[in-house]
């Protein structure tokens, strides 16, 4: 074992250096059919170079499926037509369930979904989001379904949108403003907004008034208690938000019911009544007559029911009984409202390209400087033309040379230029866990190739490409065991879990995952349970490296296969010169410890731990 540790130290130095050097290789752009996006990109960065296809494939797999490519995918990719293989694999990845699982995690983080909760069906909202992505549902449809949802997660999983904040109209309004419109209105909850011109506290309550008609119950509740009696029945704490006459009528009916029923019952009768109407699941109810009263304060009049006002400051025109949420969602997702589209385009672009049109992603204010405005406007036109479909937007972006741009070489100028170069991105917690599982060969995933995909035309039309997903999606499990994907683990992840160590957020705020490197992460990769288990299994009797050796009877070819499996490329001459000459004891004898040490070293290398 002492000799093994020496090998580990040697590999840690050699592989970290050699793997890092590989990502510098690139080639000059050469294309007869120029992507419309590239024409615009050249105007802000005319000198980009394109990375090798193998680098782009690994980038695509990590960005779209949240994991490295499988050996089968890599082998098939090498045999594909070079002109079309990137497009083919992009479509394959977008239709794969792993895309919906990984991007479902992204969306659930964005929406602060918590897998578990009081009377919340485990993983139901995540499943809804992932399946919506899998079926390539329009983003406008998805948002409309969430904003207008009612019922429980069994009947309507979109209700997870409201269950997260217990239907609180103020909380919902703040996150709707940030998430769908990139407008931070939270400061106006207590006073006029200090940073948004002419945005008052009353404007804030006007926005919240759109979400005042819903409420959530998760205990004993009989929604038909006063059915047929023309009474707006709501929980006691919401009575004050009814019109005065309705509030008085409800209070009178409640008093009457209590005198005739509750006050006459024994404790046993009361418990039986509560048990009869105990809800099995947390439920979102709608009462059209509910509103939102402006609070009483010393410095401003209050107590009136606030009139709903859109995020752009325009007051809504409503009729009595209108579903305010529908009025708001119609305004938000209207084709004239390009800001709604551009906010999600900016999020998707940032995830794929490593730079943003504007930051912060949830704060687009009057002082915001937009980078690449012409590109953002162009993508908005494409997104609108493709009916708000996220997959179509991603396909359009990642089939460009702008996406395939290379990582900077050490001798290049302006190596920090994120627009000219693809800046290395550290794997997030889900990518890392998925990739380590894939690296262990615990999974055997087939590659379903879409052989007849035709690239987009000059106008960016993608109508002929079917991106509806194929296969079943994995969802979070209760006390998950035999995990094959990060999608099966509850989020927020338990404190002691691998995902928590590597940055999965607490889902307290929008997309609150973190990417900072910590000492704990370094130690966990070196000696943690997950890495130790996967490294031990790698190279075992049933492993792919062992099968490769049995097939070739060559340690050098087996080591090349290890590089190919974990990094998506073959070993380069510099690496082979050092490793083959100094570390292989015998070309014809299988060395399991050497393979395991190599696996450990690569898993800890910068090339493996980053999207390059």
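Residue numbers (the UniProt record's numbering): 1 to 612. Don't be surprised by glycine CBs; every beta carbon is placed ideally from N, CA and C.
{"query": "Exposure of residue 135, with buried meaning 16 or more beta-carbon neighbours within 10 Å", "result": "exposed"}
{"query": "Boundaries of the alpha helix (DSSP H) in which residue 394 is found, first to last residue", "result": "390 to 398"}
{"query": "Pick from 292, 119 and 234 that is closest to residue 218, judged by C-alpha positions", "result": "119"}
{"query": "Bounding residues of the alpha helix (DSSP H) (the contiguous stretch that carries residue 324)", "result": "324 to 333"}
{"query": "Minimum C-alpha distance to residue 509 - residue among 184, 409, 159 and 393", "result": "184"}
{"query": "Beta-carbon proximity of residue 598 to residue 525, cut-off 8 Å", "result": "no"}
{"query": "4 or more residues per run - each alpha helix (DSSP H) lying fully within the stretch 248 to 278", "result": "267 to 276"}
{"query": "Local conformation of residue 24 per DSSP, three classes", "result": "Here the model assigns residue 24 a pLDDT of 33, short of 50, so the residue's position is not dependable, and the following value carries that caveat. Of the three classes helix, strand and coil, the one that applies to residue 24 here is coil, per DSSP."}
{"query": "For residue 90 and residue 133, believed in contact at Cβ under 8 Å, the rounded distance", "result": "Actually they do not touch by this definition, with Cβ atoms about 15 Å apart."}
{"query": "Residue 531 - partner residues in DSSP beta bridges", "result": "Partner(s): none; residue 531 has no beta bridge."}
{"query": "Residue interval of the beta strand (DSSP E) (run including residue 286)", "result": "283 to 286"}
{"query": "Cα-Cα separation, residue 38 to residue 607", "result": "27 Å"}
{"query": "Per DSSP, the bridge partner or partners of residue 387", "result": "In DSSP, residue 387 forms no bridge with anything."}
{"query": "Residue 125 vs residue 151 beta-carbon contact at 8 Å", "result": "no"}
{"query": "Reduced DSSP secondary structure (H/G/I, E/B, other) of residue 41", "result": "helix"}
{"query": "Whole-Å CB distance - residue 383 paired with residue 393, under 8 Å assumed", "result": "5 Å"}
{"query": "DSSP three-state assignment for residue 402, whether helix, strand or coil", "result": "coil"}
{"query": "Where the beta strand (DSSP E) containing residue 214 begins and where it ends", "result": "214 to 217"}
{"query": "Beta-carbon proximity of residue 467 to residue 385, cut-off 8 Å", "result": "no"}
{"query": "Terminal residues of the alpha helix (DSSP H) in which residue 146 lies", "result": "139 to 147"}
{"query": "Proximity below 8 Å, CB of residue 292 to CB of residue 205", "result": "yes"}
{"query": "Among 363, 67 and 194, the one whose alpha carbon lies nearest that of residue 426", "result": "67"}
{"query": "Pairwise C-alpha distance: residue 178 and residue 347", "result": "12 Å"}
{"query": "Best match in 143, 55, 41 and 56 for proximity to residue 389 [C-alpha to C-alpha]", "result": "143"}
{"query": "Limits of the unbroken alpha helix (DSSP H) element including residue 203", "result": "201 to 208"}
{"query": "Whether residue 548 touches residue 558 by CB criterion (8 Å)", "result": "yes"}
{"query": "Residue 72, enclosing alpha helix (DSSP H) - first and last residue", "result": "71 to 79"}
{"query": "Residue 371 versus 356, 305, 379 and 493, residue with shortest Cα-Cα distance", "result": "356"}
{"query": "Helix, strand or coil at residue 354 [DSSP, three-state]", "result": "coil"}
{"query": "Endpoints, alpha helix (DSSP H) assigned at residue 57", "result": "53 to 60"}
{"query": "Residues that residue 117 bridges to, as DSSP identifies them", "result": "120"}
{"query": "Per-residue burial, residue 446 [other beta carbons within 10 Å of its own, 16 or more giving buried]", "result": "With a pLDDT of only 30 at residue 446, under 50, the local geometry of the prediction cannot be trusted, and the value read off the model is given with reservation. So residue 446 ends up on the exposed side."}
{"query": "CA-to-CA distance, residue 158 to residue 141, given in whole angstroms", "result": "11 Å"}
{"query": "Beta-ladder partner(s) of residue 152, from DSSP", "result": "283"}
{"query": "Buried/exposed call for residue 364, threshold 16 Cβ in 10 Å", "result": "buried"}
{"query": "Residue 230 versus residue 287: straight-line alpha-carbon distance, rounded", "result": "12 Å"}
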